[in-house]
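In my numbering, the protein residues as written are 1 to 243.
Each residue gets a CB set at the ideal place from its N, CA and C atoms; glycine is no exception.
Keep in mind that this is a model prediction, so the values were computed, not measured.
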Ligand code: URA
């Protein structure tokens, strides 16, 4: 048996404190009865718990890191029938979904989970979760272009936030850079690189918040360790601005 607010929080519907507010507001039913008493004990395996009339899921949360290959879309279903990242995690028994998106041709670290609450926070711009990419660019990138990438580029009439940029290699034909951003604008790295005159040839995400891709092979996935899940939670404890 556990406290009702804890069972709701574990289901990923809300934080513990938000769950308390939901209960106090009369939005939670247990076995059909509205319960407003905080701390009511429930058996998440047996009791039917509903929030706003919707049953909560009491199955365990899972967190999966995938090394996404190029050619897979990050949507659950592709109207054109192209392979999706869910095809690669088909052996995970729980119904997981991707946290954020990578373009079809972008490779690298993609997190998948059935924890909707954490996923929402990790993708919400106000938490400024850092994402690190390695990008192969066409041509020998100039100092000026690096400077512009660092300071911000105009996309859709709005400047990108400052980025950390390192040049890893440079030749006449191509350059590799590492770029850390915390916004999640559509095709952001590709459009930033294009805007400074050095289009992306290859793009790989190597870090998402505290998680690093490491030596996970392309197309493979692994379950996160408890310390990694805790590190993710710690990343989104507080919104920026309220630090
Ligand atoms: N930026 C991009 O341009 N593409 C991605 O997939 C991720 C970040």
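Asked: Outcome for residue 71 when other beta-carbon atoms lying within 10 angstroms are tallied against a minimum of 16; Found: exposed
Asked: Beta-carbon gap between residue 33 and residue 19 smaller than 8 Å; Found: no
Asked: Backbone secondary structure at residue 55 - three-state DSSP; Found: strand
Asked: DSSP beta-bridge partners of residue 34; Found: 29
Asked: Classification of residue 242 by the beta-carbon crowding that lies within 10 angstroms, buried from 16 upward; Found: Residue placement at residue 242 is poorly supported in this model, since its pLDDT is 47, which falls under 50; the coordinates are not used for a value here.
Asked: 6 Å Cβ shell around residue 207 - same chain, five flanking residues per side excluded; Found: 132
Asked: Contact set for residue 58: own chain, Cβ-Cβ below 8 Å, skip 5 residues either direction; Found: 7, 10, 11, 44, 45 and 49
Asked: Heavy atom of the ligand URA within 7 Å of residue 155 beta-carbon; Found: no
Asked: Own chain, CB closer than 8 Å to residue 255, minus 5 neighbours either side, in chain order; Found: Outside the displayed span of the chain (1 to 243) sits residue 255, for which this structure offers no information.
Asked: heavy atom of the ligand URA below 7 Å from residue 194 C-beta; Found: no
Asked: Residues near residue 159 in its chain [Cβ-Cβ closer than 6 Å; skip 5 each side]; Found: 152
Asked: Assigned exposure category for residue 186 - 16 Cβ within 10 Å defines buried; Found: exposed
Asked: Start-end ranges of the beta strand (DSSP E) lying completely within the region 116 to 200, minimum 3 residues; Found: 131 to 138, 164 to 170 and 174 to 181
Asked: Rounded C-alpha distance that separates residue 191 from residue 126; Found: 22 Å
Asked: Residue 102 Cβ short of 7 Å to the ligand URA heavy atom set; Found: yes
Asked: Three or more C-beta pairs below 8 Å linking the region 96 to 115 and the region 159 to 173; Found: no
Asked: 8 Å Cβ shell around residue 114 - same chain, five flanking residues per side excluded; Found: 12, 57, 59, 61, 62, 94, 95, 96 and 97
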